[in-house]
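Numbering (the numbering used here), first residue to last: 285 to 649.
For reference, the structure is listed below as structure tokens.
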Ligand code: SF4
């Protein structure tokens, strides 16, 4: 049998396990924002029997970045006259007194960059400007911010720093443990941390599988959860072509060298101990909070926005009174509608569809 035929057979077997499931009710949390979107795009939710509930978790870095961070960034741009370099997703996240896009329209200097190294290059090319890179992300993207610090240090840049809201996922797995019966662990994050991190959580009673991003990989991951759900806490790496037991020592070394763990606030989850990363003491000159005096920020949100509950898996976008009315991707009220990986954005993009056409081919072809 050819490899393609074997893969089709495995996918069909996994789909059969998922669609025929009639066991106890199960709540499965997909932690990763990319999983959320792929599950929608592939029409996977339409295959699930009533007993399986898929919950979207806190795996969108822009969504979990709390409002005070946006307020700090706006303060730096408006009051300190710095040039902000940021990924585009952050631009439209509402802060207490408007978004970064609003600040830019009022004259603040805000540059869109595609990598942290772009921000370093901007700082090197504009020595008369003070440049602050807005550094958000999980284990997958933080190594690039570490490289930015490394490069800025090598170039002896004195006009570059980071406003950091980087986070690590392991504290979130623990914080969310009562929200679901099993996790679909994010494949990209586990590629850095290694499978050993989620595997160790079985000793804390937490179950889950690492999942890839194709239809076959997601169906297989779900099928494994359904087959193992009545067993003792379990862990299975269903993405072995990318995730090894040890992960990426080189990426972790970058994180350990250039960043240090701190307690960090997550939107919706509150402060999680040692879940944040800021520039390490040896690189304190690249920490914007040490270079500038930023007063405590209020971090006020629209009281009707339920982003925090959604990120905890406590409700869905449909439970938000603003969803699809005053809050749309064109006019987002909360972060979960802004980011490409946000749950509200996924619900809105795929509203009224059970499967995108390309997904049907992937699942059923
Ligand atoms: Fe917040 Fe908009 Fe989502 Fe409601 S629909 S929770 S206002 S982002």
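Beta carbons are placed, not taken as given, at the ideal position from N, Cα and C, and that holds for glycine.
query: Secondary structure at residue 609, three-state DSSP: helix, strand or coil?
result: coil
message: the ligand SF4 and residue 616: does any heavy atom of the ligand fall closer than 7 Å to the residue's C-beta?
response: yes
query: Where do the ends of the alpha helix (DSSP H) carrying residue 480 lie?
result: 480 to 484
- request: Ignore the nearest five residues each way along the sequence and tell me which others in residue 445's own chain have a CB closer than 7 Å to its CB.
  value: 416, 570, 571, 572, 575
task: In angstroms with no decimal places, state the Cα-to-Cα distance between residue 463 and residue 313.
output: 8 Å
- prompt: With C-beta atoms as the reference, is residue 407 less than 8 Å away from residue 441?
  reply: yes
message: Is any non-hydrogen atom of the ligand SF4 found closer than 7 Å to the C-beta of residue 375, if you look at the structure I gave you?
response: no
- request: Pull up the distance between the alpha-carbon of residue 527 and that of residue 353, whole angstroms please.
  value: 32 Å
query: Ends of the beta strand (DSSP E) at residue 492?
result: 492 to 495
- request: Classify residue 314 as helix, strand or coil using the three-state DSSP reduction.
  value: strand
field: Nearest to residue 379 (by Cα), restricted to the options 585, 447, 336
entry: 585
message: Residues in the same chain with beta-carbon distance under 6 Å from residue 454, minus the five sequence neighbours each way, listed in chain order, please.
response: 481
- prompt: Taking DSSP as the reference, what is the three-state secondary structure of residue 465?
  reply: coil
task: Say yes only if the C-beta of residue 339 is nearer than 7 Å to one or more non-hydrogen atoms of the ligand SF4, and no if none qualify.
output: no
task: Would you kindly report the start and end of the unbroken alpha helix (DSSP H) that includes residue 389?
output: 384 to 389
query: Mind checking whether residue 419 and residue 448 have CB atoms under 8 Å apart?
result: yes
- request: Return the first residue and the last residue of the beta strand (DSSP E) that residue 416 is part of.
  value: 415 to 421
query: Counting along the chain, where does the alpha helix (DSSP H) carrying residue 347 start and finish?
result: 345 to 348
- request: Could you check which residue in 349, 331, 318, 288 has the C-alpha nearest to that of residue 560?
  value: 349
- prompt: Once you ignore the five residues that flank residue 630 on each side, which residues in its own chain have a CB closer than 6 Å to its CB?
  reply: 320, 321, 324
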